[in-house]
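Structure first, commentary second.
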Amino acid sequence: MPEQARRHHVVSKFYLRYFANDNERVTTVMLPGDRTFPQSIGDASVQIDYYTVIDQAGQQSDAAEQALSLVEAAAAAAWREVAAGAWPLSDQHRQSVAAWVALQLLRGSSVRNRMSEMASHALLLEVILGGRARLREALSAAGEPVDDDTVNREWIGHFKNPVRAEARANHHMQHLANMLPRVTQSLLDRLWILTVFERKALATSDHPVHLVPYEEMMRMGRGTGIENAMVIHVPLTRRHSLAMYQPAAVPPQLAALGCDIRQPGVAATALYSNSCTLNSARRFLFHHPDDAPLAGFDLSEPREREVVVHAQLWGWIAEDDRQVLLDAGFGPDDLAALLEQ
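So for the sequence shown, the numbering used here puts the first residue at 7; every next one is plus one.
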């Protein structure tokens, strides 16, 4: 039996090659920019066993990694066409690009972390809504003591030492498999604009695809996802960026040019592209060693959280249950901090 692959690229190696020099090295920038170093594309974005799943026999399997490599192989052929100047792409290559962009939207740590955070918040919300009464029932069903001291101690423990859910590779890969066809089709339904730069250079990141929201949705406090993003942006190479527009959001002067458009890049467009890359990065940025596409940007701290909870959950706790927490030194600020961990 062949040895299983354990070094898994979260960003495709073939893709990173388009930001590398002839020695297949990129400059890697660790957020917030205090560490920069050259790195082989064979090592950039690699995580050990990230896509290793447990199969039906209970054994570790790299089947998911092998399946992802099929999408990458098809995309690599399409990238060669783009780099050689082909545009618009054939239906086959357009499909391959859409599938790869969809894959990048679904495969990264942001998705797995979001799954874990949402599950953890759901567990905490169940505790809050059930209160000590539901906790007492659960203890009784488990054959545990249900005196007030025991219930109060367990209640406080759920907040001071909360249960943390962790999505594993199996959960993540099942989600990816379920969503990939739908997301790919959503991208195919958009209008694509390829921008080609002669001199300006682009960077990429550990999460190269950025969702650009509608300003109105931001003002209303609505979230932005793949389906309702105004634009989905991705740098294809250090000289090519791709913007996938909702048809209704395409500027009129561009919409008149047809379905998939190519336009020359200018300094402002490169600045915008690189700002999208910065906004989507979690921990790492990558660029060609001869380029300085991040000059002038203030780099943010690494993004540690994916889900932000705005609800004031302290008010959802019954008054007598809140008092038990307050008596134990746990208050509303502690709950707010808990949701940010």
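Here a beta-carbon is modelled for each residue, glycine too, at the ideal position from N, C-alpha and C.
Closest by C-alpha distance to residue i, when choosing among the options
{"i": "residue 281", "options": "216, 337, 327", "result": "216"}
{"i": "residue 66", "options": "12, 152, 161, 99", "result": "12"}
{"i": "residue 201", "options": "63, 267, 103, 154", "result": "267"}
{"i": "residue 285", "options": "270, 272, 306, 273", "result": "306"}
{"i": "residue 76", "options": "105, 61, 60", "result": "105"}
{"i": "residue 191", "options": "261, 203, 218, 109", "result": "109"}
{"i": "residue 113", "options": "70, 124, 342", "result": "70"}
{"i": "residue 320", "options": "99, 100, 336", "result": "336"}
Span of the beta strand (DSSP E) around residue i
{"i": "residue 106", "result": "Per DSSP, residue 106 belongs to no beta strand (DSSP E); it is in the alpha helix (DSSP H), 97 to 113."}
{"i": "residue 37", "result": "Note, residue 37: premise wrong, no beta strand (DSSP E); not H, not E."}
{"i": "residue 165", "result": "Taken as a continuous stretch (DSSP letters only), residue 165 belongs to no beta strand (DSSP E), being part of the alpha helix (DSSP H) at 154 to 166."}
{"i": "residue 1", "result": "Lying outside 7 to 347, the shown extent of the chain, residue 1 is not represented and no answer is given."}
{"i": "residue 198", "result": "197 to 202"}
Buried versus exposed call for residue i [16 or more other C-beta atoms within 10 Å across all chains shown]
{"i": "residue 206", "result": "buried"}
{"i": "residue 322", "result": "exposed"}
{"i": "residue 37", "result": "buried"}
{"i": "residue 316", "result": "exposed"}
{"i": "residue 314", "result": "exposed"}
{"i": "residue 244", "result": "buried"}
Short Cβ contact (7 Å threshold) for residue i with residue j
{"i": "residue 197", "j": "residue 251", "result": "yes"}
{"i": "residue 290", "j": "residue 42", "result": "no"}
{"i": "residue 175", "j": "residue 58", "result": "yes"}
{"i": "residue 360", "j": "residue 193", "result": "Residue coverage of the chain in this structure runs from 7 to 347, which leaves residue 360 outside it and unanswerable."}
{"i": "residue 283", "j": "residue 230", "result": "no"}
{"i": "residue 309", "j": "residue 328", "result": "no"}
{"i": "residue 152", "j": "residue 145", "result": "yes"}
{"i": "residue 122", "j": "residue 213", "result": "no"}
{"i": "residue 14", "j": "residue 56", "result": "yes"}
{"i": "residue 334", "j": "residue 134", "result": "no"}
Residue range of the unbroken alpha helix (DSSP H) whose run includes residue i
{"i": "residue 278", "result": "273 to 286"}
{"i": "residue 52", "result": "Unbroken run through residue 52 is the beta strand (DSSP E), 52 to 54; no alpha helix (DSSP H)."}
{"i": "residue 317", "result": "Unbroken run through residue 317: none, as it is neither H nor E."}
{"i": "residue 239", "result": "Premise fails: residue 239 lies in the beta strand (DSSP E), 237 to 243, not in any alpha helix (DSSP H)."}
Rounded distance between the beta-carbons of residue j and residue i, thought under 8 Å
{"i": "residue 171", "j": "residue 129", "result": "6 Å"}
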